[in-house]
Amino acid sequence: MEPLKARFDSVARGLLDLAASGRRILVVTHIDADGILSGSMVFSSLAKKGANVVLRCIPDLDPGLISELASQRYDFYVFTDLGSALVRELESGLGQRFLVIDHHQLAEEDMKKAAVVNAWDFGLDGGREACSSSMAYEFALSVDPSNRDLSPLAVVGAVADRQDGGPDRSLTGLNKMALEDAVADGLARVSKDLLFIGRETRPVHESVALTSTPYLKGVTGNKEGILSSLHQSGLVLKEGASWRTLSTLTEDEKKKVTEVVAGLVASSGGNTGSIAELVGDAITLAGEDAFTPLRDVREFGTLLNACGRMGEPGTGVSVCLGDRGNSLAAAMAILSQYRMGIGRALQALSEDPARITASGWLVFVHGDGVIEDKLLGPVISILTSSPGYTDKIVVGLTKSGESDLKVSSRVGDAHQGEVNLGVVMRAAGEAVRGVGGGHSMAAGAKIPATEAEAFERMVVEMLAG
Ligand SMILES: [Mn+2]
């Protein structure tokens, strides 16, 4: 990691020089959890040094936005968790006045550029071993070693970006180094555990029912069913008048919970294979209140993703910057709205199977009236992680505003065959006077509502061809 550290030392020196001479710096970041976290870390490390710095969270970077940013006449721009695919556009819009700190794949020729610090250039797999948050953490350490107290945020970003793909859902690479700092400083604790939400705070059946990744048929959202099955298993669920939490269960009792979950999934015809994902490295943040979602890194990540999705990334930023008062309360309210919205959408889809049409491995989901446009992405993601959909390509459409449709598409992890949804969404979107784009595994579009059929036909043709 020495070359990466040396690189960050040099870019940090450059930025501190700019800051010292009073230059105005704009940090631009993505609105998902990894974006919110990495942007917050770059922002706070510079702000603590007295820099004149502003943070802005955006859903996506495109050439139009680059020219808008250029016209705002900041002296320097730092992009986190985005920009790698648009280095040439950034050069033509901003000249030498920008830096990209990122982990998304990029063209070989852009990798070595002075304005780009990308995980892939340092022998790190940016899809598994380094996220923008762990990159931003290294940057913050170069700005000042005292920023080691940000290590938990790097860990949250890694987990939120689903980079916990090591054995037992552990972290690897640069992410693991940040976790080791956090553990060494007493800020985080790692234990093998059931990875349910609210391990320390919620009644067992509630924790289990809140599982959404993976989506477990017969379990997710089924609080009553879980409660009665746990009762039948003989598990003691209460201690005196109060409910026990998962963290108080013995190993044998935890095993019992897993068996009950497996039984419920099997009896509702689900795939029990995904249950293995429920056990692994639980990471607890020792400095956070046990009764908040910040205590568990996975829940912390979900909270930030919810803020971004629900259009309140700034609330997430305030939490990352340390506000445990009003901003945390607001973020928790957003999280519960987000969960309820997703739960309602999944429920509505299961009650109205006609909304889901499949032709081979291509599945269309029609969400009009039951899926809010801002929740379409998470709902489609959950579906592609659900039994029966993991080998499919799922394309969701739902009404957005007065006359538009929002489209969100994902490739299931187990899908066989090469597809680039980013290309498909862009071409099909533009063909019907809309816009589209994204990554190969996840992409979206916005199209006129009247063009739904034409759009779907295009998608079918392109994917079949
Ligand atoms: Mn990211």
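For the record, in the sequence shown the residue sitting at position 136 is 582 according to the numbering used here, with numbers rising by one throughout.
Beta carbons: idealized from backbone N, C-alpha and C, even for Gly.
The model shown is predicted, which means the values in this text are computed figures rather than measured ones.
Beyond the five residues adjoining it in sequence on each side, residue 632 comes within less than 7 Å, by CB distance, of 732 in the same chain, given in chain order. Between ligand 1 and the CB of residue 480, the shortest heavy atom gap is smaller than 6 Å. Around residue 669, the same chain offers 651, 652, 655 as residues with beta carbons nearer than 8 Å, after the five sequence neighbours per side are excluded. Under the 10 Å beta carbon count, residue 684 is surrounded by fewer than 16 other beta carbons and is classified as exposed. Here the alpha carbons of residue 739 and residue 745 stand approximately 5 Å from one another. Under the DSSP assignment, residue 580 falls in the alpha helix (DSSP H) whose first and last residues are 578 to 589.
Taken from the Cβ of residue 610, every heavy atom of ligand 1 lies 6 Å or farther away. For residue 763, the enclosing alpha helix (DSSP H) stretches over residues 759 to 766.
The three-state reading of DSSP puts residue 894 in strand, counting E and B together. Residue 810 is bridged by DSSP to 803, 841. When the Cα atoms are used, residue 741 and residue 899 turn out to be separated by approximately 46 Å. The residues 741, 770, in chain order, have a CB closer than 8 Å to that of residue 735 in the same chain once the five nearest residues on each side in sequence are set aside. In the DSSP annotation of this structure, the continuous segment of the beta strand (DSSP E) that includes residue 476 starts and ends at 470 to 476.
DSSP places residue 539 in the helix class (H, G or I) of the three-state scheme. Under the DSSP definition of a beta bridge, residue 566 lacks any partner. Measuring C-alpha to C-alpha distances from residue 812 to each of 772, 839, 789, 853 identifies 853 as the nearest.
Between residue 762 and residue 482, the C-beta gap is smaller than 7 Å, which places the two residues in contact. The shortest C-alpha to C-alpha distance from residue 747 to any of 904, 467, 659 is the one to 659.
With fewer than 16 other beta carbons inside 10 angstroms of its own, residue 558 counts as exposed. Between the C-alpha atoms of residue 642 and residue 724 there is a straight-line separation of about 7 Å. Between ligand 1 and the CB of residue 578, the shortest heavy atom gap is smaller than 6 Å. Residue 544 sits buried, since 16 or more C-beta atoms from the chains shown fall within 10 Å of its C-beta. Counting along the chain, residue 525 sits inside no alpha helix (DSSP H); it lies in the beta strand (DSSP E) bounded by residues 522 to 526. A check of alpha carbon separations from residue 491 across 766, 908, 809 identifies 766 as the nearest. Using a 10 angstroms sphere on the CB of residue 613, the tally of other CB atoms stays under 16, which defines it as exposed.
Shown here, residue 460 sits in a helix according to DSSP, grouped into three states.
Setting aside the 5 residues that flank it on each side, residue 478 is surrounded in the same chain by 751, 754, each with a C-beta closer than 7 Å to its C-beta; the list follows chain order.
DSSP, read as helix, strand or coil, puts residue 654 in helix. Rounded to whole angstroms, residue 823 and residue 710 show a C-alpha spacing of 27 Å.
The alpha carbon of residue 730 has as its nearest neighbour, out of 808, 637, 523, the alpha carbon of 637. Within the same chain, and ignoring the five residues on either side of residue 625 in sequence, the residues whose Cβ sits closer than 6 Å to its Cβ are 601, 617. Contact check for residue 831 against residue 661 passes: the beta carbons are separated by less than 7 Å. Considering only 520, 450, 508, the residue with the shortest C-alpha distance to residue 473 is 520.
Residue pairing from DSSP places residue 691 in a beta bridge opposite 649. Exclusion of the five residues before and after residue 513 leaves 539 as the residues of its chain whose Cβ lies within less than 8 Å of its Cβ.
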